[in-house]
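Written out below as structure tokens is the structure these notes cover.
Residue numbers (our numbering), protein chains in the order written: chain X, 1 to 361; chain R, 362 to 540.
Rendered as structure tokens:
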């Protein structure tokens with residue numbers, strides 16, 4: 001069995017990428033995710049697997065390097081934090097339109113603007129509703145532990161290649177900076193050029209006289225063709241919605257109140273549930289793991305029979321909109337959030353739940 | 362078993378690394394662990410603190426409002442965390458530079474002179490291991506053996522000759538309790 005290690009989320013992510021057999025990382029340092037690049041520099045994978053690790057001159061350069069690598073069928077990724085991810089939005093939209101698989105990691109910090117360096121979840125809208133221009137989606141995975149920071153790198157790439165789409169790992173400063181136990185997967189070899197050609201017949205890696213020319217572009221000036229392209233993207237998104245919804249349900253059966261929370265806030269809500277259980281308040285937790293596709297059906301089912309739902313997120317109220325849609329406003333959905341890098345304590349969340357639902361009054 | 366600990370002091374006192382060693386020692390004993398630092402600009406000369414949780418079961422929140430044990434190493438940290446120790450919990454503080462000592466009577470309070478001991482030892486780097494020794498004397502949440510095992514595991518080979526010095530520092534720390 002693989003040994004258990006103690007690592008920060010950001011460090012585990014770097015190890016997971018090398019072990020997946022990644023071909024390249026392109027990034028620019030920013031708190032609270034700088035350990036990703038630092039750990040990759042420590043690991044020196046270019047000496048072992050041949051993986052490229054490059055500090056780009058800017059986030060714009062980094063995302064376009066990822067775009068280019070992905071167009072060649074390579075396993076590539078970038079990581080940044082909120083302001084840096086904003087800078088990458090043009091490239092992300094191009095990646096979506098070009099139907100290339102890429103992994104983008106956002107370890108969120110408090111915004112808007114340069115904001116703070118402390119945890120936030122206020123990039124939810126940006127991640128799940130677009131961010132860049134045009135009708136597109138990223139598969140968005142929300143890790144809530146160091147182990148998931150590791151596992152979702154693999155899952156993200158698997159899904160990105162399966163659907164030829166961008167995948168985003170949407171973490172926050174807390175999950176990135178915290179150290180926990182982690183079991184790393186067995187390392188894999190990077191794919192050979194032949195394997196890349198087999199897996200990605202669409203990639204631009206030289207036709208060598210063997211096949212028709214591949215073209216990767218997001219530009220299509222004939223409207224009718226561009227509409228067909230869009231319809232093809234939409235068909236892919238419907239497939240993803242059908243197959244890839246992931247979530248965790250804890251104590252949702254027979255609970256009186258339901259928390260919906262992701263990432264670090266889901267961890268804090270679990271503590272609230274422990275404390276509340278001692279007071280006889282039964283709370284369940286539905287934790288979306290994929291923020292897109294969103295587990296609407298599962299939330300609706302879990303909400304049947306509850307007195308109320310509280311969405312707890314490190315934002316002024318973003319995911320709460322999707323929860324209200326999921327339950328078609330038939331259940332009372334409240335929201336609690338702290339802003340700008342402040343993380344609420346479990347006691348604070350419990351007090352808020354009692355206050356908003358007038359429990360014990 | 363579950364122990365929720367906060368360690369707080371000045372940046373540079375070895376607060377985060379003391380927490381790390383404690384977390385690693387928990388790992389050596391197959392416990393669940395989380396280590397959650399306060400990070401950012403406040404590390405540079407300001408106050409630094411870290412929450413370490415050791416448990417037999419899956420750990421929920423890495424962020425807490427109250428603690429079983431607080432180890433505080435300067436006045437600001439004492440002011441901030443004295444009120445956050447659970448009733449019946451433990452507060453260990455280093456006396457150096459403290460002008461307003463703790464006043465709570467519903468918790469166990471231990472005053473230690475780890476900084477003084479560091480001066481005697483003429484080794485400022487031993488400070489956090491002395492404090493860890495004191496903590497483990499009051500609350501033997503992990504064995505000294507596990508701490509040494511953790512050090513061996515986390516220190517690069519070229520620093521392994523420093524392990525006996527760390528063991529010595531742990532013992533000095535343990536001796537500070539009940540002095």
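Yeah, the Cβ is synthetic: ideal placement off N, Cα and C, and Gly gets one too. Computed from a predicted structure; not experimentally measured.
Item to complete: Would you mind sorting residue 409 (chain R) into buried or exposed? The rule is 16 or more other CB atoms within 10 Å of its CB.
Response: buried
Fill in: Residue burial classification, residue 503 (chain R) (beta-carbon count within 10 angstroms, cutoff 16)
buried
Item to complete: Would you kindly report the start and end of the unbroken beta strand (DSSP E) that includes residue 258 (chain X)?
Response: 257-260
Fill in: Contact set for residue 50 (chain X): own chain, Cβ-Cβ below 7 Å, skip 5 residues either direction
Sequence-distant partners of residue 50 (chain X) (beyond 5 residues in either direction) whose C-beta falls short of 7 Å from its own C-beta, in its chain, are 190.
Worksheet item: Secondary structure at residue 272 (chain X), three-state DSSP: helix, strand or coil?
Response: In this structure, DSSP gives residue 272 (chain X) a helical state, which the three-state scheme calls helix.
Discussion item. Strictly under 8 Å for the Cβ-Cβ distance: is residue 181 (chain X) near chain R by that measure?
Written reply: yes
Discussion item. Is residue 459 (chain R) close to the ligand GDP? I mean its beta-carbon at under 7 Å from any heavy atom of the ligand.
Written reply: The model depicted lacks the ligand GDP and carries no ligand whatsoever.
Practice prompt. Taking only the alpha-carbon atoms, compute the straight-line gap between residue 178 (chain X) and residue 46 (chain X) and give it to the nearest angstrom.
Written response: 27 Å
Item to complete: Could you tell me whether the Cβ atoms of residue 349 (chain X) and residue 272 (chain X) are closer together than 8 Å?
Response: Yes; because the gap between Cβ atoms is below 8 Å, this pair is in contact.
Item to complete: Give the residues of chain X in contact with residue 378 (chain R), contact being defined as C-beta atoms less than 8 Å apart.
Response: Result: empty, since nearest Cβ-Cβ is about 12 Å, beyond 8 Å.
Worksheet entry | DSSP-derived helix/strand/coil call for residue 3 (chain X) | coil
Item to complete: Quick one: list the residues of chain R neighbouring residue 6 (chain X), beta-carbon separation under 7 Å, in chain order.
Response: 384, 385, 388, 394
Worksheet item: Run through DSSP, which three-state label would residue 304 (chain X) get?
Response: Three-state result, residue 304 (chain X): coil.
Item to complete: For residue 410 (chain R), name the three-state secondary structure that DSSP assigns.
Response: strand
Worksheet entry | Assigned secondary structure, residue 74 (chain X) (DSSP; H/G/I helix, E/B strand, else coil) | coil
Practice prompt. Count the C-beta pairs between the region 300-313 of chain X and the region 168-176 of chain X that are closer than 8 Å, then say yes if the count reaches three, no if not.
Written response: Note that the region 300-313 of chain X does not touch the region 168-176 of chain X; fewer than 3 beta-carbon pairs, one per stretch, sit closer than 8 Å.
Worksheet entry | Short CB-CB distance (under 8 Å) between residue 425 (chain R) and chain B | Any reference to chain B falls outside this structure, whose protein chains are X and R.
Worksheet item: CA-CA distance, residue 156 (chain X) and residue 90 (chain X)?
Response: 20 Å
Practice prompt. Quick one: which residues of the region 256-271 of chain X get their C-beta closer than 7 Å to a C-beta of chain R? List them in chain order.
Written response: 267, 268, 270, 271
Discussion item. Out of X:281, X:228, X:233, which one is the CA nearest neighbour of residue 252 (chain X)?
Written reply: X:281
Worksheet entry | Completely contained alpha helix (DSSP H) runs for the region 135-168 of chain X, where each covers 4 or more residues | 146-163
Worksheet item: Helix, strand or coil: which one does DSSP assign to residue 331 (chain X)?
Response: If DSSP states are grouped into helix, strand and coil, residue 331 (chain X) belongs with coil.
Worksheet entry | Unbroken alpha helix (DSSP H) run spanning residue 108 (chain X), endpoints | Where residue 108 (chain X) is concerned, there is no enclosing alpha helix (DSSP H), although the beta strand (DSSP E) it sits in stretches over 102-108.
Worksheet item: What runs of the beta strand (DSSP E), each 3 residues or longer, lie entirely inside the region 460-536 of chain R?
Response: 469-473
Worksheet item: Going along the chain, which residues of the region 19-50 of chain X sit with their C-beta nearer than 8 Å to a C-beta in chain R?
Response: 31, 32
Discussion item. Tell me the DSSP secondary structure of residue 315 (chain X) in three-state form.
Written reply: coil
Item to complete: Determine contact between the region 277-293 of chain X and the region 255-267 of chain X, defined as no fewer than three beta-carbon pairs at a distance below 8 Å.
Response: yes
Worksheet item: How is residue 361 (chain X) classed by DSSP in three states: helix, strand or coil?
Response: Correct three-state label for residue 361 (chain X): coil.
Worksheet item: Who are residue 431 (chain R)'s beta bridge partners in DSSP?
Response: R:367, R:452
Item to complete: For chain X, find out if any of its Cβ atoms is closer than 8 Å to the Cβ of residue 397 (chain R); answer yes or no.
Response: yes
Worksheet item: If we count the other Cβ atoms within 10 Å of its Cβ and call it buried at 16 or more, is residue 58 (chain X) buried or exposed?
Response: Answer is exposed; the Cβ neighbour count stays below 16.
Practice prompt. Mark residue 234 (chain X) as exposed unless 16 or more other C-beta atoms lie within 10 angstroms of its C-beta, in which case mark it buried.
Written response: exposed
Worksheet item: Closer than 8 Å, CB to CB, is residue 177 (chain X) near chain R or not?
Response: yes
Worksheet item: Rounded to a whole number of angstroms, what is the C-alpha to C-alpha distance between residue 200 (chain X) and residue 73 (chain X)?
Response: 6 Å
Worksheet item: Within the 8 Å Cβ cut-off, does residue 421 (chain R) reach chain X?
Response: Using a Cβ-Cβ cut-off of 8 Å, residue 421 (chain R) counts as an interface residue toward chain X, since at least one Cβ of chain X sits closer than that to its own.
Discussion item. At a CB distance below 7 Å, what residues from the region 316-347 of chain X approach chain R? Give them in sequence order.
Written reply: 343, 345, 346, 347
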